[in-house]
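**Student:** My questions will all concern the structure given below.
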Amino acid sequence: MHNKSIVELGAALRAGECSSVELARHFLQRIEALDGELNSLISTTAEQALAAAEAADKQIAAGEAGSLTGIPIIHKDIFCTEGVKTSCGSRMLDSFISPYDATVVSKLKAAGVVSLGKANMDEFAMGSSNETSWYGPVRNPWDKSRVPGGSSGGSAAAVAARLAAAATGTDTGGSIRQPAALCGITGLKPTYGRVSRYGMIAFASSLDQGGPMARSAEDAALLLQAMAGFDPKDSTSAEAPVPDYSASLNDSLEGLKIGLPKEYFGEGLDSAVAESVEAAIAEYKKLGAELVEISLPNTGLAVPTYYVVAPAECSSNLSRFDGVRYGYRCDEPKDLEDLYKRSRGEGFGAEVKRRIMIGAYVLSAGYYDAFYLKAQKIRQLISDDFKRAFEQVDVIMGPTSPSTAFGLGEKADDPVTMYLNDIYTIAANMAGLPGISIPVAPVAGLPVGLQIIGDYFAEARLLNVAHKFQQATDWHTQVPSGF
(Lines of atoms letter the chains of each structure in order from A and count residues from 1; the text may use other names and numbers.)
(Lines give C-alpha, C1' and ligand atoms only; values in the text may rest on other atoms or scores of the structure.)
Protein backbone atom coordinates (compact mmCIF):
# COMPACT_ATOMS: atom_id res chain seq x y z
CA MET A 1 0.00 0.00 0.00
CA HIS A 2 2.87 2.40 0.69
CA ASN A 3 3.75 2.63 -3.01
CA LYS A 4 0.32 3.96 -3.94
CA SER A 5 -0.30 7.66 -4.55
CA ILE A 6 -2.84 9.71 -2.58
CA VAL A 7 -5.25 9.37 -5.51
CA GLU A 8 -4.82 5.57 -5.53
CA LEU A 9 -5.06 5.27 -1.74
CA GLY A 10 -8.23 7.37 -1.71
CA ALA A 11 -9.81 5.11 -4.33
CA ALA A 12 -8.77 1.98 -2.38
CA LEU A 13 -10.29 3.36 0.85
CA ARG A 14 -13.58 4.28 -0.81
CA ALA A 15 -13.76 0.90 -2.56
CA GLY A 16 -13.28 -0.90 0.76
CA GLU A 17 -10.01 -2.56 -0.32
CA CYS A 18 -8.51 -1.44 2.99
CA SER A 19 -9.54 0.63 5.99
CA SER A 20 -7.98 3.86 7.17
CA VAL A 21 -6.99 2.13 10.44
CA GLU A 22 -5.17 -0.62 8.48
CA LEU A 23 -3.45 2.02 6.39
CA ALA A 24 -2.35 4.03 9.44
CA ARG A 25 -1.02 0.88 11.14
CA HIS A 26 0.87 -0.07 7.98
CA PHE A 27 2.66 3.29 7.82
CA LEU A 28 3.29 3.40 11.58
CA GLN A 29 4.95 -0.03 11.31
CA ARG A 30 7.13 1.25 8.45
CA ILE A 31 8.15 4.25 10.54
CA GLU A 32 9.08 2.00 13.45
CA ALA A 33 11.04 -0.38 11.23
CA LEU A 34 12.81 2.09 8.95
CA ASP A 35 13.07 5.56 10.46
CA GLY A 36 15.92 4.59 12.77
CA GLU A 37 18.12 4.73 9.64
CA LEU A 38 16.84 8.14 8.54
CA ASN A 39 15.87 10.14 11.65
CA SER A 40 13.15 11.84 9.56
CA LEU A 41 10.64 12.14 12.43
CA ILE A 42 10.95 13.92 15.77
CA SER A 43 7.79 12.39 17.21
CA THR A 44 5.29 9.71 16.19
CA THR A 45 1.69 10.15 17.29
CA ALA A 46 0.30 6.60 16.97
CA GLU A 47 -2.57 6.99 19.42
CA GLN A 48 -3.91 10.17 17.80
CA ALA A 49 -3.36 8.72 14.31
CA LEU A 50 -5.41 5.60 15.01
CA ALA A 51 -8.20 7.68 16.57
CA ALA A 52 -8.28 9.92 13.47
CA ALA A 53 -8.23 6.83 11.24
CA GLU A 54 -11.24 5.37 13.06
CA ALA A 55 -13.12 8.65 12.53
CA ALA A 56 -12.14 8.58 8.85
CA ASP A 57 -13.49 5.04 8.47
CA LYS A 58 -16.83 6.20 9.86
CA GLN A 59 -16.93 9.06 7.35
CA ILE A 60 -16.12 6.67 4.49
CA ALA A 61 -18.81 4.23 5.64
CA ALA A 62 -21.35 7.09 5.75
CA GLY A 63 -20.45 8.13 2.20
CA GLU A 64 -19.07 11.47 3.42
CA ALA A 65 -15.43 10.95 2.43
CA GLY A 66 -13.43 13.56 0.57
CA SER A 67 -10.34 13.01 -1.56
CA LEU A 68 -8.04 13.18 1.51
CA THR A 69 -10.17 11.29 4.06
CA GLY A 70 -8.05 8.64 5.76
CA ILE A 71 -4.80 9.59 3.99
CA PRO A 72 -1.73 9.30 6.30
CA ILE A 73 0.60 12.31 6.27
CA ILE A 74 3.33 13.89 8.41
CA HIS A 75 3.52 17.53 9.50
CA LYS A 76 6.78 19.45 9.59
CA ASP A 77 7.50 20.16 13.26
CA ILE A 78 7.12 23.90 12.68
CA PHE A 79 3.31 23.66 12.57
CA CYS A 80 1.65 23.93 15.98
CA THR A 81 -0.35 20.76 16.65
CA GLU A 82 -2.71 20.67 19.62
CA GLY A 83 -1.55 18.32 22.38
CA VAL A 84 1.64 17.36 20.50
CA LYS A 85 5.21 18.55 20.98
CA THR A 86 6.04 21.29 18.47
CA SER A 87 9.79 21.77 18.70
CA CYS A 88 10.90 23.51 15.50
CA GLY A 89 13.91 21.17 15.67
CA SER A 90 15.27 23.17 18.62
CA ARG A 91 16.27 22.52 22.21
CA MET A 92 14.52 25.83 22.90
CA LEU A 93 11.08 24.23 22.26
CA ASP A 94 11.87 20.63 23.21
CA SER A 95 9.32 20.78 26.04
CA PHE A 96 6.64 22.84 24.23
CA ILE A 97 3.27 21.11 23.82
CA SER A 98 1.13 23.27 21.57
CA PRO A 99 -2.29 24.27 23.00
CA TYR A 100 -3.78 24.82 19.52
CA ASP A 101 -3.61 23.76 15.87
CA ALA A 102 -2.01 25.83 13.11
CA THR A 103 -4.51 26.73 10.38
CA VAL A 104 -2.77 24.33 7.97
CA VAL A 105 -3.15 21.51 10.52
CA SER A 106 -6.80 22.31 11.24
CA LYS A 107 -7.66 22.58 7.54
CA LEU A 108 -6.07 19.23 6.72
CA LYS A 109 -7.68 17.70 9.81
CA ALA A 110 -11.06 18.95 8.56
CA ALA A 111 -10.28 17.33 5.19
CA GLY A 112 -9.90 13.99 7.01
CA VAL A 113 -6.16 13.36 6.85
CA VAL A 114 -4.48 11.18 9.47
CA SER A 115 -1.36 12.74 11.01
CA LEU A 116 1.29 10.11 11.85
CA GLY A 117 3.73 12.47 13.56
CA LYS A 118 6.05 15.46 13.24
CA ALA A 119 8.96 15.66 10.80
CA ASN A 120 12.53 16.57 11.72
CA MET A 121 13.83 19.88 10.38
CA ASP A 122 16.68 22.36 10.53
CA GLU A 123 16.44 24.33 13.77
CA PHE A 124 13.80 27.07 13.36
CA ALA A 125 13.94 26.30 9.61
CA MET A 126 17.46 27.73 9.34
CA GLY A 127 19.55 25.52 7.10
CA SER A 128 19.83 23.83 3.71
CA SER A 129 20.84 20.34 4.81
CA ASN A 130 18.81 19.33 7.89
CA GLU A 131 22.00 19.12 9.94
CA THR A 132 21.20 21.94 12.40
CA SER A 133 18.38 20.05 14.20
CA TRP A 134 18.75 19.55 17.96
CA TYR A 135 17.57 15.97 17.28
CA GLY A 136 20.42 15.18 14.91
CA PRO A 137 20.70 15.19 11.11
CA VAL A 138 18.22 13.54 8.75
CA ARG A 139 19.70 11.11 6.24
CA ASN A 140 18.79 10.95 2.57
CA PRO A 141 17.05 7.62 1.78
CA TRP A 142 18.77 7.48 -1.63
CA ASP A 143 22.19 7.46 0.07
CA LYS A 144 22.27 7.55 3.86
CA SER A 145 25.71 9.17 3.89
CA ARG A 146 24.18 12.27 2.27
CA VAL A 147 21.90 15.10 3.36
CA PRO A 148 18.21 15.27 2.35
CA GLY A 149 18.31 19.06 1.96
CA GLY A 150 16.63 21.51 4.28
CA SER A 151 14.93 22.86 6.15
CA SER A 152 12.03 20.50 5.32
CA GLY A 153 14.45 17.57 5.00
CA GLY A 154 12.54 15.32 7.39
CA SER A 155 9.33 15.78 5.40
CA ALA A 156 11.13 15.10 2.09
CA ALA A 157 12.99 12.02 3.38
CA ALA A 158 9.83 10.54 4.92
CA VAL A 159 7.82 10.90 1.69
CA ALA A 160 10.70 9.57 -0.46
CA ALA A 161 11.11 6.54 1.85
CA ARG A 162 7.34 5.90 1.74
CA LEU A 163 6.89 6.45 5.48
CA ALA A 164 3.85 8.64 4.70
CA ALA A 165 1.76 9.38 1.64
CA ALA A 166 2.67 13.08 1.85
CA ALA A 167 3.91 15.78 4.21
CA THR A 168 3.66 19.48 4.92
CA GLY A 169 6.69 21.72 4.58
CA THR A 170 7.63 25.38 4.76
CA ASP A 171 9.70 27.42 2.33
CA THR A 172 11.54 30.62 3.34
CA GLY A 173 14.33 30.50 0.77
CA GLY A 174 13.81 27.13 -0.92
CA SER A 175 13.09 24.85 2.04
CA ILE A 176 10.32 22.88 0.29
CA ARG A 177 11.78 22.85 -3.22
CA GLN A 178 15.44 22.10 -2.45
CA PRO A 179 14.84 19.02 -0.23
CA ALA A 180 12.17 17.84 -2.70
CA ALA A 181 14.84 17.98 -5.42
CA LEU A 182 17.48 16.19 -3.33
CA CYS A 183 15.04 13.44 -2.28
CA GLY A 184 13.28 12.92 -5.62
CA ILE A 185 9.77 14.07 -4.71
CA THR A 186 7.41 16.91 -5.73
CA GLY A 187 7.42 20.04 -3.56
CA LEU A 188 5.32 23.16 -4.07
CA LYS A 189 5.90 26.62 -2.55
CA PRO A 190 2.68 28.58 -3.08
CA THR A 191 2.38 32.34 -3.65
CA TYR A 192 3.10 34.29 -0.45
CA GLY A 193 -0.24 34.63 1.35
CA ARG A 194 -1.93 31.70 -0.40
CA VAL A 195 -1.53 29.40 2.63
CA SER A 196 -2.07 30.73 6.17
CA ARG A 197 0.96 31.24 8.39
CA TYR A 198 -1.14 31.20 11.59
CA GLY A 199 0.39 28.64 13.96
CA MET A 200 3.45 28.20 11.73
CA ILE A 201 6.34 29.21 14.00
CA ALA A 202 7.92 32.24 12.33
CA PHE A 203 11.45 32.44 10.96
CA ALA A 204 11.18 35.36 8.48
CA SER A 205 7.62 36.65 8.33
CA SER A 206 7.77 38.27 4.88
CA LEU A 207 9.25 35.13 3.29
CA ASP A 208 7.83 32.05 5.10
CA GLN A 209 5.21 30.03 3.22
CA GLY A 210 3.74 26.60 3.91
CA GLY A 211 3.09 24.09 1.14
CA PRO A 212 2.64 20.42 0.20
CA MET A 213 5.33 17.78 -0.35
CA ALA A 214 4.16 14.65 -2.16
CA ARG A 215 5.14 12.11 -4.79
CA SER A 216 3.40 13.82 -7.69
CA ALA A 217 1.83 17.08 -8.83
CA GLU A 218 -1.55 15.32 -8.84
CA ASP A 219 -1.19 14.54 -5.13
CA ALA A 220 0.15 18.04 -4.38
CA ALA A 221 -2.94 19.54 -6.03
CA LEU A 222 -5.23 17.67 -3.60
CA LEU A 223 -3.20 18.81 -0.60
CA LEU A 224 -3.00 22.44 -1.71
CA GLN A 225 -6.78 22.42 -2.27
CA ALA A 226 -7.25 21.71 1.44
CA MET A 227 -4.43 24.01 2.67
CA ALA A 228 -5.11 27.16 0.63
CA GLY A 229 -7.48 30.00 1.36
CA PHE A 230 -7.94 33.23 3.26
CA ASP A 231 -7.48 33.13 7.04
CA PRO A 232 -8.63 36.10 9.16
CA LYS A 233 -6.15 35.00 11.85
CA ASP A 234 -3.22 35.78 9.50
CA SER A 235 -2.80 39.43 8.52
CA THR A 236 -0.65 38.42 5.53
CA SER A 237 -3.22 35.93 4.18
CA ALA A 238 -4.45 36.76 0.66
CA GLU A 239 -8.17 37.21 -0.01
CA ALA A 240 -7.89 35.55 -3.41
CA PRO A 241 -10.34 32.85 -4.60
CA VAL A 242 -9.01 29.28 -4.51
CA PRO A 243 -9.52 27.48 -7.84
CA ASP A 244 -10.02 23.73 -8.29
CA TYR A 245 -6.37 22.74 -8.66
CA SER A 246 -7.19 19.27 -10.02
CA ALA A 247 -9.54 20.55 -12.75
CA SER A 248 -6.80 21.90 -15.04
CA LEU A 249 -4.15 19.22 -14.48
CA ASN A 250 -4.65 17.70 -17.93
CA ASP A 251 -4.81 20.94 -19.93
CA SER A 252 -2.67 20.93 -23.07
CA LEU A 253 0.78 22.55 -22.99
CA GLU A 254 0.55 23.47 -26.66
CA GLY A 255 1.89 27.01 -27.05
CA LEU A 256 3.13 27.27 -23.44
CA LYS A 257 5.99 29.77 -23.31
CA ILE A 258 8.82 28.61 -21.05
CA GLY A 259 11.39 31.17 -19.96
CA LEU A 260 14.96 29.93 -19.53
CA PRO A 261 17.02 32.46 -17.52
CA LYS A 262 20.60 32.52 -18.76
CA GLU A 263 21.68 33.22 -15.16
CA TYR A 264 20.38 29.76 -14.08
CA PHE A 265 22.60 27.81 -16.48
CA GLY A 266 25.99 29.37 -15.90
CA GLU A 267 28.88 29.06 -13.49
CA GLY A 268 28.26 27.04 -10.32
CA LEU A 269 25.82 24.56 -11.86
CA ASP A 270 27.03 20.95 -11.90
CA SER A 271 27.37 19.88 -15.56
CA ALA A 272 25.56 16.54 -15.07
CA VAL A 273 22.68 18.30 -13.28
CA ALA A 274 22.51 20.79 -16.16
CA GLU A 275 22.26 17.93 -18.69
CA SER A 276 19.42 16.31 -16.74
CA VAL A 277 17.50 19.60 -16.47
CA GLU A 278 18.04 20.37 -20.17
CA ALA A 279 16.75 16.91 -21.11
CA ALA A 280 13.59 17.58 -19.07
CA ILE A 281 13.11 20.93 -20.81
CA ALA A 282 13.51 19.17 -24.18
CA GLU A 283 10.63 16.88 -23.13
CA TYR A 284 8.47 19.99 -22.70
CA LYS A 285 9.30 20.99 -26.27
CA LYS A 286 7.90 17.62 -27.40
CA LEU A 287 4.74 18.40 -25.41
CA GLY A 288 4.22 21.54 -27.50
CA ALA A 289 5.90 24.21 -25.39
CA GLU A 290 7.99 27.04 -26.80
CA LEU A 291 11.37 27.89 -25.25
CA VAL A 292 12.32 31.54 -24.74
CA GLU A 293 15.68 32.73 -23.43
CA ILE A 294 15.21 35.42 -20.79
CA SER A 295 17.34 37.29 -18.29
CA LEU A 296 16.87 37.84 -14.57
CA PRO A 297 19.82 40.22 -14.14
CA ASN A 298 19.57 40.64 -10.37
CA THR A 299 19.60 36.89 -9.62
CA GLY A 300 23.19 37.07 -8.39
CA LEU A 301 22.09 39.51 -5.66
CA ALA A 302 19.36 37.22 -4.31
CA VAL A 303 21.54 35.27 -1.85
CA PRO A 304 23.28 38.28 -0.19
CA THR A 305 19.95 40.16 -0.08
CA TYR A 306 18.22 37.19 1.53
CA TYR A 307 20.94 36.87 4.17
CA VAL A 308 20.26 40.44 5.26
CA VAL A 309 16.45 40.36 5.17
CA ALA A 310 15.88 36.87 6.64
CA PRO A 311 18.27 37.22 9.62
CA ALA A 312 16.81 40.67 10.38
CA GLU A 313 13.33 39.19 10.59
CA CYS A 314 14.52 36.11 12.52
CA SER A 315 16.32 38.33 15.03
CA SER A 316 13.02 40.04 15.73
CA ASN A 317 10.84 36.89 15.68
CA LEU A 318 13.09 34.83 17.94
CA SER A 319 13.34 37.52 20.61
CA ARG A 320 10.18 36.00 22.15
CA PHE A 321 12.17 32.92 23.22
CA ASP A 322 13.67 34.36 26.39
CA GLY A 323 13.26 31.63 29.02
CA VAL A 324 10.39 33.47 30.71
CA ARG A 325 7.03 32.38 29.28
CA TYR A 326 7.66 29.05 27.57
CA GLY A 327 10.45 26.99 26.10
CA TYR A 328 13.90 26.21 27.47
CA ARG A 329 14.99 27.87 30.72
CA CYS A 330 18.51 27.64 32.15
CA ASP A 331 19.06 26.17 35.63
CA GLU A 332 19.30 28.49 38.65
CA PRO A 333 19.72 31.90 36.97
CA LYS A 334 21.38 34.54 39.16
CA ASP A 335 19.21 37.40 37.88
CA LEU A 336 17.03 38.36 34.90
CA GLU A 337 19.97 39.17 32.64
CA ASP A 338 21.58 35.80 33.43
CA LEU A 339 18.23 34.10 32.70
CA TYR A 340 18.02 35.73 29.26
CA LYS A 341 21.64 35.15 28.32
CA ARG A 342 21.99 31.54 29.41
CA SER A 343 18.52 30.43 28.30
CA ARG A 344 19.13 31.77 24.80
CA GLY A 345 22.77 30.73 24.74
CA GLU A 346 21.98 27.14 25.77
CA GLY A 347 18.63 26.86 23.97
CA PHE A 348 19.68 27.97 20.48
CA GLY A 349 22.14 26.17 18.20
CA ALA A 350 25.10 27.70 16.35
CA GLU A 351 23.33 28.50 13.04
CA VAL A 352 20.38 30.16 14.77
CA LYS A 353 22.74 32.26 16.91
CA ARG A 354 24.68 33.25 13.81
CA ARG A 355 21.55 34.51 12.07
CA ILE A 356 20.23 36.31 15.15
CA MET A 357 23.56 38.15 15.48
CA ILE A 358 23.62 39.10 11.79
CA GLY A 359 20.02 40.29 12.04
CA ALA A 360 20.65 42.37 15.15
CA TYR A 361 23.68 43.94 13.42
CA VAL A 362 21.92 44.93 10.18
CA LEU A 363 19.00 46.42 12.12
CA SER A 364 21.19 48.42 14.48
CA ALA A 365 21.07 52.22 14.35
CA GLY A 366 24.34 52.73 12.49
CA TYR A 367 23.82 50.06 9.85
CA TYR A 368 20.06 49.97 9.11
CA ASP A 369 20.29 52.20 6.00
CA ALA A 370 23.50 50.61 4.73
CA PHE A 371 22.25 47.03 4.94
CA TYR A 372 18.56 46.41 5.65
CA LEU A 373 17.13 49.34 3.70
CA LYS A 374 19.43 48.66 0.74
CA ALA A 375 18.47 44.96 0.79
CA GLN A 376 14.78 45.87 0.58
CA LYS A 377 15.49 48.05 -2.45
CA ILE A 378 17.34 45.19 -4.16
CA ARG A 379 14.44 42.89 -3.27
CA GLN A 380 12.20 45.18 -5.33
CA LEU A 381 14.62 44.97 -8.27
CA ILE A 382 14.48 41.15 -8.10
CA SER A 383 10.68 41.33 -8.10
CA ASP A 384 10.73 43.70 -11.08
CA ASP A 385 12.92 41.22 -13.03
CA PHE A 386 10.23 38.57 -12.66
CA LYS A 387 7.48 41.02 -13.57
CA ARG A 388 9.21 41.82 -16.88
CA ALA A 389 9.86 38.14 -17.53
CA PHE A 390 6.21 37.18 -17.09
CA GLU A 391 5.25 39.73 -19.74
CA GLN A 392 7.06 37.41 -22.19
CA VAL A 393 6.57 33.90 -20.80
CA ASP A 394 4.05 31.75 -18.90
CA VAL A 395 6.49 29.92 -16.60
CA ILE A 396 10.22 30.00 -15.83
CA MET A 397 12.29 26.81 -15.65
CA GLY A 398 15.72 25.86 -14.41
CA PRO A 399 17.52 23.67 -11.87
CA THR A 400 16.21 23.60 -8.31
CA SER A 401 19.65 23.01 -6.78
CA PRO A 402 23.14 23.45 -8.27
CA SER A 403 24.13 19.86 -7.38
CA THR A 404 22.78 16.54 -6.17
CA ALA A 405 22.71 15.76 -2.44
CA PHE A 406 26.10 16.37 -0.80
CA GLY A 407 27.68 14.38 2.03
CA LEU A 408 26.71 14.79 5.67
CA GLY A 409 29.18 17.22 7.25
CA GLU A 410 30.64 18.21 3.88
CA LYS A 411 29.57 21.87 4.12
CA ALA A 412 28.74 22.14 7.81
CA ASP A 413 31.82 24.23 8.62
CA ASP A 414 31.41 26.63 5.69
CA PRO A 415 28.16 28.63 6.08
CA VAL A 416 28.66 30.68 2.90
CA THR A 417 29.08 27.59 0.71
CA MET A 418 26.01 26.10 2.41
CA TYR A 419 23.99 29.25 1.71
CA LEU A 420 24.76 28.98 -2.03
CA ASN A 421 22.68 25.78 -2.22
CA ASP A 422 19.60 28.02 -2.38
CA ILE A 423 20.89 30.22 -5.20
CA TYR A 424 18.09 29.22 -7.62
CA THR A 425 15.23 29.13 -5.12
CA ILE A 426 15.66 32.27 -2.99
CA ALA A 427 14.56 34.78 -5.65
CA ALA A 428 11.01 33.34 -5.77
CA ASN A 429 10.68 33.96 -2.02
CA MET A 430 12.02 37.47 -2.33
CA ALA A 431 9.34 38.18 -4.94
CA GLY A 432 6.61 36.12 -3.24
CA LEU A 433 6.10 33.95 -6.33
CA PRO A 434 4.99 30.29 -6.45
CA GLY A 435 7.47 27.57 -7.44
CA ILE A 436 7.47 23.80 -7.73
CA SER A 437 10.28 21.23 -7.90
CA ILE A 438 9.71 17.93 -9.69
CA PRO A 439 12.07 14.96 -10.16
CA VAL A 440 13.90 14.56 -13.48
CA ALA A 441 16.56 12.06 -14.61
CA PRO A 442 18.91 11.19 -11.71
CA VAL A 443 22.67 11.68 -11.77
CA ALA A 444 24.80 8.77 -10.49
CA GLY A 445 21.75 7.33 -8.73
CA LEU A 446 20.90 10.58 -6.93
CA PRO A 447 17.74 12.65 -7.60
CA VAL A 448 17.74 15.91 -9.55
CA GLY A 449 14.98 18.54 -9.42
CA LEU A 450 13.55 20.78 -12.13
CA GLN A 451 12.20 24.05 -10.75
CA ILE A 452 9.19 25.72 -12.37
CA ILE A 453 8.32 29.27 -11.22
CA GLY A 454 4.97 30.89 -12.02
CA ASP A 455 3.33 34.28 -11.78
CA TYR A 456 1.36 35.27 -8.66
CA PHE A 457 -1.43 32.82 -7.77
CA ALA A 458 -0.59 30.65 -10.81
CA GLU A 459 -0.34 27.43 -8.75
CA ALA A 460 -2.92 25.73 -11.01
CA ARG A 461 -0.72 26.40 -14.04
CA LEU A 462 2.41 25.12 -12.25
CA LEU A 463 0.61 21.92 -11.20
CA ASN A 464 -0.66 21.42 -14.78
CA VAL A 465 2.84 21.92 -16.24
CA ALA A 466 4.35 19.52 -13.69
CA HIS A 467 1.60 16.91 -14.10
CA LYS A 468 1.90 16.74 -17.89
CA PHE A 469 5.63 16.04 -17.54
CA GLN A 470 4.94 13.36 -14.94
CA GLN A 471 2.45 11.71 -17.30
CA ALA A 472 5.17 11.52 -19.96
CA THR A 473 7.97 10.33 -17.61
CA ASP A 474 8.31 8.07 -14.59
CA TRP A 475 11.07 9.75 -12.54
CA HIS A 476 8.54 10.65 -9.82
CA THR A 477 7.63 6.97 -9.31
CA GLN A 478 11.14 5.82 -8.47
CA VAL A 479 11.76 4.59 -4.91
CA PRO A 480 15.07 4.45 -3.01
CA SER A 481 16.51 0.93 -2.66
CA GLY A 482 15.44 -0.73 0.59
CA PHE A 483 12.30 1.38 1.00
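For the record, in the sequence shown the residue sitting at position 53 is 53 according to full-length UniProt numbering, with numbers rising by one throughout.
The C-beta atom is built at its ideal place from N, Cα and C for all residues, glycine as well.
1) Roughly how many angstroms lie between the CA atoms of Ala-247 and Pro-434, to the nearest whole one?
2) If you reduce the DSSP assignment to three classes, tell me which class Ser-115 lands in.
3) Which residues does DSSP pair with Ala-214 in a beta bridge?
4) Can you tell which of Leu-296, Ile-176 and Glu-351 has the C-alpha that lies nearest to the C-alpha of Asp-414?
5) For the region 239 to 302, which segments carrying the alpha helix (DSSP H) assignment without a break, of at least 4 residues, lie completely within its bounds, in sequence order?
6) Hey, how far is the Cα of Ile-423 from the Cα of Trp-142?
7) Measure the C-alpha to C-alpha separation of Asp-384 and Ala-220 and round it to an integer number of angstroms.
8) Beta-carbon separation of Leu-301 and Ile-378 under 7 Å?
9) Among Thr-473, Ile-201 and Leu-163, which has the Cα closest to the Cα of Gly-482?
10) Can you check which of these residues, Ala-204, Arg-344, Pro-72 and Val-147, is closest to Ile-78 by C-alpha distance?
11) Taking C-alpha atoms, which residue in Leu-41, Met-397 and Ile-73 lies nearest to Leu-222?
12) Return the residue from the list Pro-148, Lys-374 and Lys-58 that minimises the CA-CA distance to Glu-410.
13) Using the DSSP secondary-structure output, state which residues sit across from His-75 in a beta bridge.
14) Does DSSP put Asn-464 in a helix, in a strand, or in coil?
15) Short of 6 Å in beta carbon distance, which residues of its chain neighbour Arg-263, apart from the five on each side in sequence? Order them along the chain.
16) In terms of residues, what are the limits of the alpha helix (DSSP H) holding Ile-358?
17) Drop a sphere of 10 angstroms on the beta-carbon of Lys-387, count the other beta-carbons inside from all chains shown, and report buried for 16 or more, exposed for fewer.
18) Based on Cα-Cα distance, which residue from Val-416, Met-121, Ala-180 and Pro-212 lies nearest to Lys-107?
19) Could you check the C-alpha separation between Asp-234 and Asp-208 for me, to the nearest Å?
20) By the three-class DSSP mapping on this structure, what secondary structure does Pro-447 have?
21) Starting from the C-beta of Ala-12, find all residues in its chain whose C-beta is less than 6 Å away, skip the five residues before and the five after it, and write them out in chain order.
22) In terms of residue numbering, what span does the alpha helix (DSSP H) encompassing Ser-106 cover?
23) With a cut-off of 8 Å on the beta carbons, I'd call Val-21 and Glu-47 a contact; round off their distance for me.
24) Between which two residues does the alpha helix (DSSP H) harbouring Pro-415 extend?
25) Take every Cβ of the region 272 to 292, pair it with every Cβ of the region 312 to 327, and state whether three or more of those distances are shorter than 8 Å.
26) Can you tell me which residues form a DSSP beta bridge with Ile-436?
27) Applying the 10 Å Cβ sphere with the 16-neighbour rule, what's the burial state of Gly-398?
28) Jot down the residue ranges of each uninterrupted alpha helix (DSSP H) in the region 10 to 85, minimum 4 residues, whole runs only, in chain order.
29) Give me the Cα-Cα distance between Val-395 and Arg-461, rounded to the nearest whole angstrom.
30) Which first and last residues belong to the alpha helix (DSSP H) in which Val-159 is found?
31) Can you tell me which of the three DSSP states Gly-398 falls into?
32) Counting pairs of beta carbons, one from the region 150 to 160 and one from the region 118 to 133, are three or more of them closer than 8 Å?
33) Give me the residue from Ser-145, Arg-146, Arg-139 and Asn-130 with the minimum Cα distance to Gly-169.
34) Going by other Cβ atoms of all chains shown within 10 Å of its Cβ, with 16 needed for buried, is Gly-349 buried or exposed?
35) Measuring only the C-alpha atoms, how far is His-2 from Phe-27?
36) Phe-321 and Met-126: beta carbons closer than 7 Å?
**Tutor:** Quick look at the numbers:
1) Between the alpha carbons of Ala-247 and Pro-434 lies a distance of about 19 Å.
2) Reduced to three states, the DSSP call for Ser-115 is strand.
3) Paired residues: Ala-166 and Thr-186.
4) Among Leu-296, Ile-176 and Glu-351, the Cα nearest to that of Asp-414 is on Glu-351.
5) Along the region 239 to 302, the alpha helix (DSSP H) occurs as fully enclosed runs of 4 or more residues at 271 to 286, listed in sequence order.
6) A direct Cα-to-Cα measurement between Ile-423 and Trp-142 gives close to 23 Å.
7) Across the structure, Asp-384 and Ala-220 are spaced so that their CA atoms are roughly 29 Å apart.
8) Yes, these two residues count as a Cβ contact at 7 Å.
9) Nearest Cα to Gly-482 within the set Thr-473, Ile-201 and Leu-163: Leu-163.
10) Restricting attention to Ala-204, Arg-344, Pro-72 and Val-147, the CA atom closest to the CA of Ile-78 is found in Ala-204.
11) Looking at the Cα atoms, Ile-73 is the closest of the given residues.
12) Taking Glu-410 as reference, the option from Pro-148, Lys-374 and Lys-58 with the minimal CA-CA separation is Pro-148.
13) Lys-118, per the DSSP bridge assignment.
14) In this structure, Asn-464 counts as helix in the three-state DSSP scheme.
15) Just to set this straight, residue 263 is Glu in the shown sequence, not Arg. Only Leu-296 and Thr-299 meet the Cβ criterion.
16) Counting along the chain, the alpha helix (DSSP H) containing Ile-358 begins and ends at 350 to 363.
17) It counts as exposed.
18) When each option's Cα is compared against that of Lys-107, the closest is Pro-212.
19) Each residue's Cα considered, the two are about 12 Å apart.
20) In the structure shown, Pro-447 sits in a strand (DSSP, three-state: E or B).
21) Here the set comprises Cys-18.
22) For Ser-106, the enclosing alpha helix (DSSP H) starts and ends at 103 to 110.
23) For a cut-off of 8 Å, the C-beta gap from Val-21 to Glu-47 is around 12 Å, too long to register as a contact.
24) In the DSSP assignment, Pro-415 falls within the unbroken alpha helix (DSSP H) covering 415 to 419.
25) Contact fails: fewer than three Cβ-Cβ distances are below 8 Å.
26) Under DSSP, the beta-bridge partners assigned to Ile-436 are Leu-188 and Ile-452.
27) Gly-398 comes out buried.
28) List check, alpha helix (DSSP H) in window: 20 to 38 and 46 to 61.
29) One alpha carbon belongs to Val-395, the other to Arg-461, and they sit about 8 Å apart.
30) Val-159 -> alpha helix (DSSP H) spans 153 to 160.
31) In the three-state DSSP reduction, Gly-398 falls in the strand class (E or B).
32) Because the criterion of three Cβ pairs below 8 Å is met, the region 150 to 160 and the region 118 to 133 touch.
33) Considering only Ser-145, Arg-146, Arg-139 and Asn-130, the residue with the shortest C-alpha distance to Gly-169 is Asn-130.
34) The residue is buried, with at least 16 neighbouring Cβ atoms inside 10 Å.
35) Distance from the CA atom of His-2 to the CA atom of Phe-27, rounded to whole angstroms, is 7 Å.
36) Contact annotation: Phe-321 and Met-126 have beta-carbon atoms that are not nearer than 7 Å.
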